[in-house]
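In our numbering, the protein residues as written are 1169 to 1612. Cβ coordinates follow ideal geometry from the N, Cα and C atoms, glycine included. Remember, it's a predicted structure, so these values are computed and weren't measured experimentally. Worksheet for the structure shown next.
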């Protein structure tokens, strides 16, 4: 099956495009959020955080009533003991590394095919990120690659549930138990996703969610950490709120990594997030419906393969059985594009699709992190720290082209993604996508 881009009916050659209407932005706010924001403003107290520790003051160290209400609602939804709101998921990842007392001389294994904070979180505390490859079928970290990289320096695995597709948490947790490793789950793109009946973010020691403007639910900026560990909850809260100024009055002795920051969420953001959380299931339902629809429409074309969860290498298929309650919630609609089958390059396909009025697919996602200047030159802070620190001198990094072949293959050759599988888009919008792709392939 080859795609013939020389046909005169194609918009790229002057033909009539499939679509002329603009695409909607990711705007999911309504009257509920407006009323909640106004209510928080009318209190006159836009934040009640203070860098102090007073057992008699409920709104100083722990934040104001909207912050605390959000954290309670988050616990109720995800069925965890503790939620700690922060001003971004990046802050949450940094706080997670700090709370687990990771630092100089330690290694953290993570994915190279994700947002940069997943690796820089380790660097901020002096630890060194080591990159495990990903599965081509899911985009998530490959447990076999993780285990091959474990050394006596390894202290944690930072798992990313990429594109809202849950990683293989059974195998990840087995590796963590075998080598006594901590587990951080980056769930920035995986709100409400489940792995075998359990919410992602609740398997490891700490889960981190994002409320950034691009996410399924959003407050502009913001994030939430979750944990079932009493001690980690308090350490996360200390790092969020100037812990160094608090520990003495609190009588807290384990002050390693507790030089705190201002990672605090405002009352307005918390008020909006409370309302957004109520909409999560409905918003996810739309994403799942649209992805399933497009996957079905494209299944007849050999040049595409949708990325999904629970891939089993032995059987070359998803190993989730009926009723296992595995639930990807699809931050984006992900496809692998096979140029050998299409007869054209990925870029040629996307340019032709754009001409048909579908400029919403993108190529590659993100270049493997180890190819960034930060890792190629091993310069993070002055004098090359933490790479040049004596504690890190014998770390064997894998910052070279070819280190993670699957991540490189997805970025340079195969991956295409679409963010517009979300409210307020309609089934009619999904029809336009399917029609445009069908036109490129069959001329219909």
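First and last residue of the alpha helix (DSSP H) that includes residue 1315?
Numbered from its first residue, the chain shown carries residue 1315 at position 147. Looking at the DSSP string, the run of the alpha helix (DSSP H) that includes residue 1315 is 1311-1317.
Bridge partners for residue 1430 per DSSP, in chain order?
Taking the first residue of the chain shown as 1, we reach residue 1430 at position 262. Beta-bridge pairing links residue 1430 to 1409.
Rounded to the nearest angstrom, what separates residue 1345 and residue 1261 at their Cα positions?
Sequence index remark: in the chain shown, residue 1345 carries index 177 (1-based). Sequence index remark: in the chain shown, residue 1261 carries index 93 (1-based). Answer to the nearest angstrom: the Cα atoms are 21 Å apart.
Which class does residue 1118 belong to by DSSP, given the choice of helix, strand or coil?
With the chain covering only 1169 through 1612, there is no way to say anything about residue 1118.
Local conformation of residue 1453 per DSSP, three classes
As a working note, residue 1453 is residue 285 in the chain shown. It is helical.
Best match in 1393, 1381, 1383 for proximity to residue 1266 [C-alpha to C-alpha]:
In the chain shown, the residue the question calls residue 1266 occupies position 98. Answer by Cα proximity: 1393.
Runs of alpha helix (DSSP H) wholly within the region 1169-1242 (minimum 4 residues, chain order):
Complete alpha helix (DSSP H) runs here, min 4: 1199-1210.
Beta carbon of residue 1469 nearer than 9 Å to that of residue 1309:
Stepping through the chain shown from its first residue, residue 1469 is reached at position 301. Stepping through the chain shown from its first residue, residue 1309 is reached at position 141. Going by C-beta atoms, residue 1469 is not nearer than 9 Å to residue 1309.
Check residue 1322 in the structure and name its three-state DSSP category.
Position 154 of the chain shown, counted from the first residue, corresponds to residue 1322. Strand.
For residue 1210, count the other beta carbons within 10 Å of its own beta carbon; 16 or more makes it buried, fewer makes it exposed. Which is it?
Here residue 1210 is taken as the residue at index 42 of the chain shown, counted from 1. The residue in question, residue 1210, is exposed, as its Cβ has fewer than 16 Cβ neighbours within 10 Å.
Residues that residue 1278 bridges to, as DSSP identifies them:
Here residue 1278 corresponds to residue number 110 of the chain shown, with the count starting at 1. Answer is 1299, 1326.
Quick check: what's the CA-CA separation for residue 1593 versus residue 1191?
Stepping through the chain shown from its first residue, residue 1593 is reached at position 425. Stepping through the chain shown from its first residue, residue 1191 is reached at position 23. Take the alpha-carbon of residue 1593 and the one of residue 1191: they are about 8 Å apart.
With DSSP as the reference, please indicate the residues paired to residue 1353 in a beta bridge.
Numbered from 1 along the chain shown, position 185 holds the residue referred to as residue 1353. Its beta-bridge partners are 1327, 1375.
Quick one: measure Cβ to Cβ for residue 1388 and residue 1381, integer angstroms, because I've assumed they're closer than 8 Å.
For the purposes of this step, residue 1388 is taken as the residue at position 220 of the chain shown. For the purposes of this step, residue 1381 is taken as the residue at position 213 of the chain shown. Yes, residue 1388 and residue 1381 are in contact; Cβ-Cβ is about 5 Å, under 8 Å.
For residue 1331 versus residue 1585, is the C-beta distance shorter than 9 Å?
Counted from its first residue, the chain shown places residue 1331 at position 163. Counted from its first residue, the chain shown places residue 1585 at position 417. Yes; because the gap between Cβ atoms is below 9 Å, this pair is in contact.
Helix, strand or coil for residue 1367 per DSSP?
Translated into the one-based positions of the chain shown, residue 1367 becomes position 199. Note: residue 1367 maps to strand in three-state DSSP.
Need the endpoints of the alpha helix (DSSP H) that residue 1473 sits in, please.
To locate residue 1473, count along the chain shown from 1; it is residue 305. Per DSSP, residue 1473 belongs to no alpha helix (DSSP H); it is in the beta strand (DSSP E), 1472-1474.
For residue 1340, three-class secondary structure by DSSP:
The sequence position of residue 1340 within the chain shown is 172, counting from 1. Residue 1340 falls in the helix class under three-state DSSP.
Which same chain residues, not among the five before or five after residue 1403, have their C-beta less than 6 Å away from its C-beta?
Numbered from 1 along the chain shown, position 235 holds the residue referred to as residue 1403. Answer for residue 1403: 1267, listed in chain order.
Helix, strand or coil at residue 1361 [DSSP, three-state]
Your numbering for residue 1361 matches position 193 in the chain shown. Three-state DSSP puts residue 1361 in coil, outside helix and strand.
Quick check on DSSP: helix, strand or coil for residue 1286?
Along the chain shown, read from residue 1 onward, the residue named residue 1286 stands at position 118. Three-state DSSP puts residue 1286 in a helix.
Give the single residue among 1541, 1417, 1407 whose Cα lies nearest to the Cα of residue 1429.
For the purposes of this step, residue 1429 is taken as the residue at position 261 of the chain shown. Of 1541, 1417, 1407, the smallest CA-CA separation from residue 1429 is found for 1407.
Taking C-alpha atoms, which residue in 1575, 1384, 1607 lies nearest to residue 1498?
As a first step, residue 1498 is located in the chain shown; it is residue number 330 there, counting from the start. Of the listed residues, the one whose Cα sits closest to residue 1498 is 1384.
Should the region 1427-1445 be regarded as contacting the region 1288-1295, the criterion being three or more beta carbon pairs within less than 8 Å?
Touching, no, given that fewer than three Cβ pairs across the two stretches are closer than 8 Å.
So, under 8 Å CB-CB, residue 1322 and residue 1281 are touching, yes? Tell me the CB distance rounded to an integer number of Å.
Counting from one through the chain shown, the residue named residue 1322 turns up at place 154. Counting from one through the chain shown, the residue named residue 1281 turns up at place 113. Contact between residue 1322 and residue 1281 is ruled out by a C-beta separation of about 20 Å, above the 8 Å threshold.
Taking 8 Å as the cut-off, does the region 1172-1189 touch the region 1527-1539 (at least 3 CB pairs, one atom from each stretch)?
Contact annotation: the region 1527-1539 does not touch the region 1172-1189, with fewer than three C-beta pairs closer than 8 Å.
N-terminal and C-terminal residue of the alpha helix (DSSP H) that residue 1271 is part of
Walking along the chain shown from the start, residue 1271 turns up at place 103. For residue 1271, there is no enclosing alpha helix (DSSP H), as DSSP gives it neither H nor E.
Kindly give me the distance between the Cβ atoms of residue 1341 and residue 1351, rounded to whole angstroms, as I take these residues to be in contact under 8 Å.
Walking along the chain shown from the start, residue 1341 turns up at place 173. Walking along the chain shown from the start, residue 1351 turns up at place 183. Right, the Cβ-Cβ distance comes to about 7 Å (below 8 Å), so this counts as a contact.
Just to confirm the assignment, what range does the alpha helix (DSSP H) spanning residue 1415 have?
Along the chain shown, read from residue 1 onward, the residue named residue 1415 stands at position 247. First-last of the alpha helix (DSSP H) with residue 1415: 1415-1418.
By the 10 Å Cβ neighbour count, where 16 or more other Cβ atoms means buried, how is residue 1204 classified, buried or exposed?
As a working mapping, residue 1204 is identified with position 36 in the chain shown. That one is buried.
Buried versus exposed, by CB contacts within 10 Å (16 or more), residue 1434:
Taking the chain shown and counting its residues from 1, the one referred to as residue 1434 is at position 266. Counting the other Cβ atoms within 10 Å of the Cβ of residue 1434 gives 16 or more, which makes it buried.
Report the option in 1176, 1298, 1256, 1395 whose CA atom is closest to the CA atom of residue 1240.
Along the chain shown, one-based indexing puts residue 1240 at 72. Looking at the Cα atoms, 1395 is the closest of the given residues.
Going by beta carbon distance, what residues of the same chain come within less than 7 Å of residue 1274, once the five residues before and after it are set aside?
Position 106 of the chain shown, counted from the first residue, corresponds to residue 1274. Result list for residue 1274: 1295, 1321, 1323, in chain order.
At a cut of 8 Å, does the region 1500-1509 reach the region 1572-1591 through at least three beta carbon pairs?
The answer is yes - the region 1572-1591 touches the region 1500-1509, with three or more Cβ pairs under 8 Å.
Using beta-carbon positions only, say whether residue 1198 and residue 1216 come within less than 9 Å of one another.
The residue labelled residue 1198 in the question sits at position 30 within the chain shown. The residue labelled residue 1216 in the question sits at position 48 within the chain shown. Here residue 1198 is not near residue 1216, since their CB atoms are 9 Å or more apart.
Alpha carbon to alpha carbon, what distance is there between residue 1560 and residue 1545?
Along the chain shown, one-based indexing puts residue 1545 at 377. Along the chain shown, one-based indexing puts residue 1560 at 392. In this structure, the straight-line span from the alpha carbon of residue 1545 to that of residue 1560 is close to 15 Å.
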